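Novice: Here it is, the structure, as structure tokens.
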């Protein structure tokens with residue numbers, strides 16, 4: 100079965116049909132730049148462009164980089180325009196996509212669901228924390244495979260700043276940090292999260308996951324096991340499609 104997944108990020112909007120039997124993209128993903136400012140109307144136009152690229156006419160799952168309650172209402176907007184707050188994202192995207200069935204979920208939660216089902220967290224019990232490093236830091240927390248939604252651990256305080264302002268992938272680029280310098284910041288952040296949640300496993304997602312060999316050596320001292328996301332930066336797309344599948348049947 101195939102369902103369409105879209106991952107909305109601070110820098111890009113990417114999507115593709117997902118083969119839910121394999122837990123992988125059924126076609127090469129299509130990406131457009133996230134508009135700036137990233138207003139609801141502008142982002143919705145980007146989503147429509149991505150979906151239209153494939154001529155898709157079935158259910159669509161979408162991620163959003165912020166807290167989403169009830170599968171519809173946006174409550175936070177740290178890395179997109181503040182006008183998103185209190186927006187009914189499900190209604191907005193559904194209208195822009197011509198009435199297609201739409202499901203909306205927090206971006207890191209979607210990535211986490213995919214990794215727990217198909218990827219690095221498969222079969223793992225206890226407490227598992229997935230962290231996505233990109234424009235910000237997203238988080239998904241699982242206890243014996245059950246998601247604790249909308250945790251937003253990227254906003255924990257680290258050295259007097261929000262953690263994502265110090266340890267996100269964007270912070271690395273903005274500060275022109277070496278992998279070692281950035282790795283030490285990430286290690287400090289992981290140690291803080293570990294103190295609060297005592298996870299057995301950290302899964303590192305986002306675009307940096309495909310370069311894990313460049314920073315994993317600098318994360319020593321954290322007691323939990325640390326692994327890169329197996330689905331890498333496609334995890335959000337896969338997880339969004341999985342959530343959409345729960346709300347309706349997809350195309351064969």
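Numbering (the working numbering), first residue to last: 100 to 351. All residues carry an ideal CB built from backbone N, CA and C; glycine is no exception. Please read these numbers as outputs of a predicted model, since none were measured by experiment.
1) Looking only at its chain, what residues have a beta carbon closer than 7 Å to the beta carbon of residue 84, apart from the 5 residues adjacent to it on each side?
2) Counting pairs of Cβ atoms below 8 Å between the stretch 133–148 and the stretch 107–123, do you hit three or more?
3) What are the uninterrupted segments assigned as alpha helix (DSSP H) that are 4 or more residues long and contained completely in the stretch 177–211, given in chain order?
4) Return helix, strand or coil for residue 331, following the three-state DSSP convention.
5) How big is the Cα-Cα spacing for residue 351 and residue 306?
6) Use the C-beta contact count for residue 273: other C-beta atoms within 10 angstroms, 16 or more gives buried, fewer gives exposed.
7) How would you call residue 164, buried or exposed, if buried means at least 16 neighbouring beta carbons within 10 angstroms?
8) Decide if residue 222 is buried, meaning its Cβ has at least 16 other Cβ atoms within 10 Å, or exposed.
9) If you run the structure through DSSP and keep just helix, strand and coil, what is residue 129?
10) Just list the residues that DSSP pairs residue 310 with in beta bridges.
11) Judging by CA-CA distance, which residue of 319, 332, 320, 311 is the nearest neighbour of residue 326?
12) With DSSP as the reference, label residue 268 as helix, strand or coil.
13) Buried or exposed: which applies to residue 322, given that a residue is buried once 16 or more other Cβ atoms fall within 10 Å of its Cβ?
14) Could you say which of 233, 295, 320 lies nearest to residue 309 if we only look at CA atoms?
15) Pick from 231, 192, 226, 224: whose alpha carbon is nearest that of residue 209?
16) Grab me the residues of residue 270's own chain with a C-beta within less than 8 Å of its C-beta, minus the 5 sequence neighbours each way, in chain order.
17) Give a yes or no on whether the C-beta atoms belonging to residue 115 and residue 195 are separated by under 8 Å.
18) Classify residue 338 as helix, strand or coil using the three-state DSSP reduction.
19) With DSSP as the reference, label residue 119 as helix, strand or coil.
20) Starting from residue 141, follow the alpha helix (DSSP H) in both directions and report where the run begins and ends.
21) Would you say residue 227 and residue 217 are within 8 Å of each other, going by their C-beta atoms?
22) Within 10 angstroms of the Cβ of residue 101, are there 16 or more other Cβ atoms? Answer buried if so, exposed if not.
23) Please report the straight-line C-alpha distance between residue 244 and residue 189, rounded to a whole angstrom.
Specialist: Quick look at the numbers:
1) This structure does not reach residue 84, given that the chain is present from 100 up to 351, and the question cannot be answered.
2) yes
3) 188–195
4) It is helical.
5) Low confidence applies here, because residue 351 scores a pLDDT of 29, under 50, leaving its location unreliable; read the following figure in that light. Going from the Cα of residue 351 to the Cα of residue 306 covers about 30 Å.
6) exposed
7) Buried, by the Cβ-count rule.
8) exposed
9) strand
10) For residue 310, which the question treats as bridged, DSSP gives no partner whatsoever.
11) Ranking 319, 332, 320, 311 by Cα distance to residue 326 puts 311 first.
12) Residue state, collapsed to three classes: helix.
13) By the 10 Å Cβ count, residue 322 comes out exposed.
14) 233
15) 231
16) 263, 264, 276, 281, 284
17) Taking the C-beta atoms as reference points, residue 195 is found no nearer than 8 Å to residue 115.
18) helix
19) Note: residue 119 maps to coil in three-state DSSP.
20) Residues 139–152.
21) no
22) buried
23) 26 Å
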